[in-house]
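If you read the protein sequences in the order shown, they are chains A, B and C. Just add 62 to the spot in the first sequence (first one is 1) and you have the working numbering. Just add 9 to the spot in the second sequence (first one is 1) and you have the working numbering. Just add 328 to the spot in the third sequence (first one is 1) and you have the working numbering. Beta carbons: idealized from backbone N, C-alpha and C, even for Gly. First up is the structure itself, then whatever we jot down about it.
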Amino acid sequence: MAEVLIVQQVLNGLALGMAYALIAVGYSLVFGILRLVNFSHGSIYAFGAHAALLFVGFEFGVLPAILLSMVCTGLLGILIDKAALEPLRKKNSVPIAALITTIGVSNIIQNLLMIWFGSEKKAFPAVFNLPMIEIGGFRIQSTQLMMCVVSLILLLVLTLVINKTKIGLAMRATEQNPKAAKLMGVNVNFVISFTFFLAGASAAIAGGLISGYYQIVYPGMGFMAGLKAFAASVLGGIGSLPGAVVGGLVVGVSECLAATFINSTYRDSVAFIILIVVLIVRPTGLFGKKGITKV
Amino acid sequence: MTKLNEKKTEGTGFIFQMESFLDKYKLPVCIAGAALLLAVPAFGFSQYLMRIFIMIGIYSILGMGLNILTGYTGLVSLGHAGFFAIGAYTSSLLMLRLNVPFLAAMICAACLTGAVGLLLGLPSLRLSGSYLTIVTLGFGEIVKMIIVNWDAVTNGTLGLKNIPKPAFFGVSMTLANNGLYYTMLIMVFLVAVASMAIIRSNTGRAFQAIKEDEMAATMMGIRTMRYKVLAFVISAFITGIAGAFYATLVGFIDANSFTFDVSTLIISVVIVGGMGTMRGMFLGAALLIAFPEVSRSLMEYRFVVYGLLLVVMMRFRPQGLLGWKSQMPYKLSKRAKALLAGKNEPAQTANG
Amino acid sequence: MAFLEVKGITKVFGGLVAVDNVTFHVDRGEIVSIIGPNGAGKTTVFNMLTGVYEIDQGEIIFDGKPIHNHAPQEIVKAGISRTFQNIRLFPNLRVIENVLVGTHIHTKYNFFSSLFRTPRFQEEEAQLTVKAIEILESIGLGDQVNNYARNLPYGDQRKIEIARAIATDARIILLDEPAAGMNPQESEELLRFIRELRDKGYTIILIEHDMSVVMNISDRIYVIDHGKQIAEGLPAEIASNEQVIEAYLGGVKKDA
Numbered sequence: 063m064a065e066v067l068i069v070q071q072v073l074n075g076l077a078l079g080m081a082y083a084l085i086a087v088g089y090s091l092v093f094g095i096l097r098l099v100n101f102s103h104g105s106i107y108a109f110g111a112h113a114a115l116l117f118v119g120f121e122f123g124v125l126p127a128i129l130l131s132m133v134c135t136g137l138l139g140i141l142i143d144k145a146a147l148e149p150l151r152k153k154n155s156v157p158i159a160a161l162i163t164t165i166g167v168s169n170i171i172q173n174l175l176m177i178w179f180g181s182e183k184k185a186f187p188a189v190f191n192l193p194m195i196e197i198g199g200f201r202i203q204s205t206q207l208m209m210c211v212v213s214l215i216l217l218l219v220l221t222l223v224i225n226k227t228k229i230g231l232a233m234r235a236t237e238q239n240p241k242a243a244k245l246m247g248v249n250v251n252f253v254i255s256f257t258f259f260l261a262g263a264s265a266a267i268a269g270g271l272i273s274g275y276y277q278i279v280y281p282g283m284g285f286m287a288g289l290k291a292f293a294a295s296v297l298g299g300i301g302s303l304p305g306a307v308v309g310g311l312v313v314g315v316s317e318c319l320a321a322t323f324i325n326s327t328y329r330d331s332v333a334f335i336i337l338i339v340v341l342i343v344r345p346t347g348l349f350g351k352k353g354i355t356k357v
Numbered sequence: 010m011t012k013l014n015e016k017k018t019e020g021t022g023f024i025f026q027m028e029s030f031l032d033k034y035k036l037p038v039c040i041a042g043a044a045l046l047l048a049v050p051a052f053g054f055s056q057y058l059m060r061i062f063i064m065i066g067i068y069s070i071l072g073m074g075l076n077i078l079t080g081y082t083g084l085v086s087l088g089h090a091g092f093f094a095i096g097a098y099t100s101s102l103l104m105l106r107l108n109v110p111f112l113a114a115m116i117c118a119a120c121l122t123g124a125v126g127l128l129l130g131l132p133s134l135r136l137s138g139s140y141l142t143i144v145t146l147g148f149g150e151i152v153k154m155i156i157v158n159w160d161a162v163t164n165g166t167l168g169l170k171n172i173p174k175p176a177f178f179g180v181s182m183t184l185a186n187n188g189l190y191y192t193m194l195i196m197v198f199l200v201a202v203a204s205m206a207i208i209r210s211n212t213g214r215a216f217q218a219i220k221e222d223e224m225a226a227t228m229m230g231i232r233t234m235r236y237k238v239l240a241f242v243i244s245a246f247i248t249g250i251a252g253a254f255y256a257t258l259v260g261f262i263d264a265n266s267f268t269f270d271v272s273t274l275i276i277s278v279v280i281v282g283g284m285g286t287m288r289g290m291f292l293g294a295a296l297l298i299a300f301p302e303v304s305r306s307l308m309e310y311r312f313v314v315y316g317l318l319l320v321v322m323m324r325f326r327p328q329g330l331l332g333w334k335s336q337m338p339y340k341l342s343k344r345a346k347a348l349l350a351g352k353n354e355p356a357q358t359a360n361g
Numbered sequence: 329m330a331f332l333e334v335k336g337i338t339k340v341f342g343g344l345v346a347v348d349n350v351t352f353h354v355d356r357g358e359i360v361s362i363i364g365p366n367g368a369g370k371t372t373v374f375n376m377l378t379g380v381y382e383i384d385q386g387e388i389i390f391d392g393k394p395i396h397n398h399a400p401q402e403i404v405k406a407g408i409s410r411t412f413q414n415i416r417l418f419p420n421l422r423v424i425e426n427v428l429v430g431t432h433i434h435t436k437y438n439f440f441s442s443l444f445r446t447p448r449f450q451e452e453e454a455q456l457t458v459k460a461i462e463i464l465e466s467i468g469l470g471d472q473v474n475n476y477a478r479n480l481p482y483g484d485q486r487k488i489e490i491a492r493a494i495a496t497d498a499r500i501i502l503l504d505e506p507a508a509g510m511n512p513q514e515s516e517e518l519l520r521f522i523r524e525l526r527d528k529g530y531t532i533i534l535i536e537h538d539m540s541v542v543m544n545i546s547d548r549i550y551v552i553d554h555g556k557q558i559a560e561g562l563p564a565e566i567a568s569n570e571q572v573i574e575a576y577l578g579g580v581k582k583d584a
């Protein structure tokens, strides 16, 4: 019986973990290019979920609603960069300024959501109304399966965009050396905007998927999810896409196992423990590269 | 060499004029300020207003505490609500369960909070910048989680009720008899004096050097790790004091008194006032605590406004409202002046 | 035994050998220059001397005691201090505070005596202040004591870096391309200043990629290229050394 429970929880965790990976990718993308932990990313994710909820209300289907929310959330990402972060880069502000700015932005988004939508938990329709699937005695909700599939496809698409397209090349060049990329004719500001769009859009999808899974939405949802996803991206090595996936899966699975076998009230703290342990033992994460101190 | 001390750093602008004025009339300005603060209760403000004044004092202390860490040492913490909570819970529990008098409870609370600060400071040995900030954020949440789940001690979600007011020599300090207000004044004064003493010393210079250029600080022989942890300990200690006092002011605390919003508010005080300045903490606390009260309709939007303030400040005035650099000469102590004078005119000193 | 003995130090980054078996020694009161083209590994040598990098092989003996792989703090305390190629002052602190940070390592009062402003704290702090002012006056920056480091011209900032290094009570001062970005007059003045330092008893190690700067001032010169030591000797010998000329691709002939 215990084995069944374990496997069941691992499956639950994998599904959740894939969605975390989608959020984690957003941290990684922005960190890769700006060397900045975007504290507002959790709120962006919550915004994505709320936008999806709003569009679902228009009753043209759940999937188009999520798509629309992707675009809106992506645009929100660009807006944040253009309005708050780009001016700081132009002024050559100290890194701490950008960090504090994203904290402020996070506050703004989360509290506006609270004012507009109310702080209570709201029902969100199931994204995929498909039956349970039984494989060898294990029951998998089709929603979970679809979460994995959709996330996997999206992560593959992201990888392709980054590795095979012209804009992806520009992104990688900017990541290596923004100044050199600029001199080579790369429109660095466009690349950064594009990165924020990608990060926002993936967060929105994660928002749609996770909301569809738990079938609830609330403004504070981004805080915990954002922290967990950050833990995931740090575990994988911030800046690395495969790292984000592995990190997401580990965080998702350990969270589900802890909720079942330890105490469900502590499920949220698992991510912190992972985070703190990783940061102390191997701050560069599983797939991260170590830098050399320059003097 | 004697002229040296009169040499001003730059310009003769408004700030210089103001600073020279304050420097010239230091004593009268201080006396007037102190008299005003002491006389506040005499104006017959409502208890509601007095309570806001005390909250401003508490947030000034919180600001000064975080300022040591963020303003002077350059480490951003988003978990100070956690320290605030530990201070509040420790002192309240000591007072409620063991009947410890307020002062002793507060000191114990501050020490325990400082010890926790030491623990939280340890990751800073390996982490820098945003990574450390995330760990502090996680710390704040873990403290909340422990408060909610550790029923036996913290009374869980029900919180602690009827936290006693401080009593000195058998007189209970309340809002009504203005005892709390004066207690607040004394505490703000002591914390401010202690902070200044730390900043204007070897330790304070090490903190600032770390903020300015950690590598250069290391190469000057500063044990940067040790000083970063020390900054955490001092900051947590001060925040613990504020927590103890806050608990006795409000009389009831639970996990929701110490949310992430509180951490944001504390850092907003530091940033709006001016990182790395003492004066800024008072203005920051006064503005941020008073503004939602001024306009009740803004109450709903207060945290949006706090967020907006952070963004706008970073863009247009990252040094904070009062974050100018002093244009007065470096303050030489009497002893240093005497030493300099002695070296200048050794013959005279010998004769005298 | 020389004041500073460096024996066969090697540093490898990944597969790249940045510094390969470099050996040199410095005697008390000397000005020794380490020169080489850009990217030769000069700054890496400094980073190894000052404890920023651990060394992979070799030994560094200072005043009879091994100091390699010690923490930077211990090395500063032992008496070696440095400046940086791209100035690293504390720009928002005052000039005097920058120098006071240099005195940190030998400050004796503890945290609590500063908190309670004990007489011991006041006495020592006053002495440190006076010491900082004296150092600044000795390098001709007495009138800039109150200014903020960032407001000073480039050449003065270099001098403050040196003042800060002196304040650590260093016996050896490592100067990393001190004349970089200076015009001929400024660098001439700086070289005079370095010579004065030597006359006051300091031992100086100088890194430079521009040979003409160090020719007149150095007692001895070591040349490294691609991490390897290719020559050592008196300035005149180095100027005519074929290997050195080759490493510099004829740049020497023009200058010399």
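query, result
"Cutoff 8 Å: Gly166(A) Cβ touching any chain B Cβ", "yes"
"Cβ-based burial, Ala119(B) [other Cβ within 10 Å; buried from 16]", "buried"
"Which of helix, strand or coil DSSP assigns to Arg344(A)", "coil"
"Gly310(A) to Thr346(A) span [Cα, whole Å]", "16 Å"
"C-beta contact flag for Gln455(C) and Leu348(B) at 8 Å", "yes"
"Neighbourhood of Val167(A) by C-beta, 8 Å cutoff - its chain only, sequence neighbours within 5 removed", "Phe101, Ser102, Ser105, Ile142, Ala146"
"Contact belief for Val360(C) with Asp484(C) at Cβ below 8 Å, rounded distance in angstroms", "Val360(C) to Asp484(C), Cβ: 26 Å. No contact."
"Reference Gly282(A); option with closest CA among Phe259(A), Ile254(A), Ile177(A)", "Ile177(A)"
"Buried or exposed (CB count within 10 angstroms, at least 16 for buried), Met104(B)", "buried"
"C-alpha gap between Met234(B) and Lys528(C), whole angstroms", "34 Å"
"Lys556(C) to Gly357(C) span [Cα, whole Å]", "26 Å"
"Neighbourhood of Ala215(B) by C-beta, 6 Å cutoff - its chain only, sequence neighbours within 5 removed", "Ile231, Tyr236"
"Beta-carbon proximity list for Lys16(B), same chain, < 7 Å, skipping 5 on both sides", "The pLDDT assigned to Lys16(B) is 46, lower than 50, so where the model puts this residue is not dependable, and the model offers no usable value."
"Residue-chain proximity (Ala359(B), chain C), Cβ-Cβ < 8 Å", "Here Ala359(B) scores only 42 on pLDDT, less than 50, and its place in the model should not be relied on; the value that follows carries that caveat. Taking Cβ atoms only, chain C never reaches closer than 8 Å to Ala359(B), which makes this a no."
"Residues near Ile336(A) by beta carbon distance below 8 Å, same chain, minus five either side", "Ala293, Leu297, Val312, Val313, Ser316"
"Inter-residue spacing [alpha-carbon to alpha-carbon] between Ile342(A) and Leu73(A)", "29 Å"
"The region 431-452 of chain C: positions lying closer than 8 Å to chain B by Cβ", "His432, Ile433, Thr435, Tyr437, Phe439, Ser442, Leu443, Phe444, Arg445, Phe449, Gln450, Glu451"
"Gln56(B) burial status per 10 Å Cβ neighbour count (16 or more: buried)", "exposed"
"Nearest residue (CA-CA) to Asn544(C), options Glu570(C), Thr531(C), Arg520(C)", "Arg520(C)"
"Short CB-CB distance (under 8 Å) between Glu505(C) and chain B", "no"
"Within chain A, partners of Tyr34(B) - CB distance below 7 Å", "None at all; the shortest Cβ gap to chain A is about 35 Å."
"Where the beta strand (DSSP E) containing His353(C) begins and where it ends", "344-354"
"Where Gln557(C) falls: helix, strand or coil (DSSP)", "strand"
"Where the region 201-226 of chain B meets chain C: residues whose CB sits under 9 Å from a CB there", "Ala203, Ala206, Ile207, Arg209, Ser210, Asn211, Thr212, Gly213, Arg214, Ala215, Gln217, Ala218, Lys220, Glu221, Asp222, Met224, Ala225, Ala226"
"Straight-line gap, Gly123(B) to Cys210(A) (C-alpha atoms, nearest Å)", "45 Å"
"Thr11(B) versus His537(C) - alpha carbon distance", "For Thr11(B), the predicted structure reports a pLDDT of 39, less than 50, and the residue's modelled location is therefore unreliable. The matter cannot be settled from this model."
"Test item: CB-CB of Ile40(B) and Leu443(C) under 8 Å", "no"
"Supposed contact pair Ala251(B) and Gly96(B) - C-beta distance, whole angstroms, cut 8 Å", "7 Å"
"Separation of Leu87(B) from Val109(B), as counted between CA atoms", "31 Å"
"Where the alpha helix (DSSP H) containing Ile228(A) begins and where it ends", "The sequence shown places Lys at residue 228(A), not Ile. Element bounds for Lys228(A): 228-238."
"CA-to-CA distance, Ala90(B) to Gly22(B), given in whole angstroms", "39 Å"
"Beta-carbon contacts of Val253(A) that lie in its chain and below 6 Å, excluding the five residues immediately before and after", "Ala232, Met233, Thr236"
"Short CB-CB distance (under 8 Å) between Leu332(C) and chain B", "no"
"Proximity below 8 Å, CB of Gly285(B) to CB of Gly72(B)", "no"
"Length of the line joining the Cα atoms of Ala567(C) and Ala559(C)", "10 Å"
"Length of the line joining the Cα atoms of Ser511(C) and Leu525(C)", "Residue identity check: residue 511(C) is Asn in the sequence provided, not Ser. The alpha-carbon atoms of Asn511(C) and Leu525(C) are separated by roughly 21 Å."
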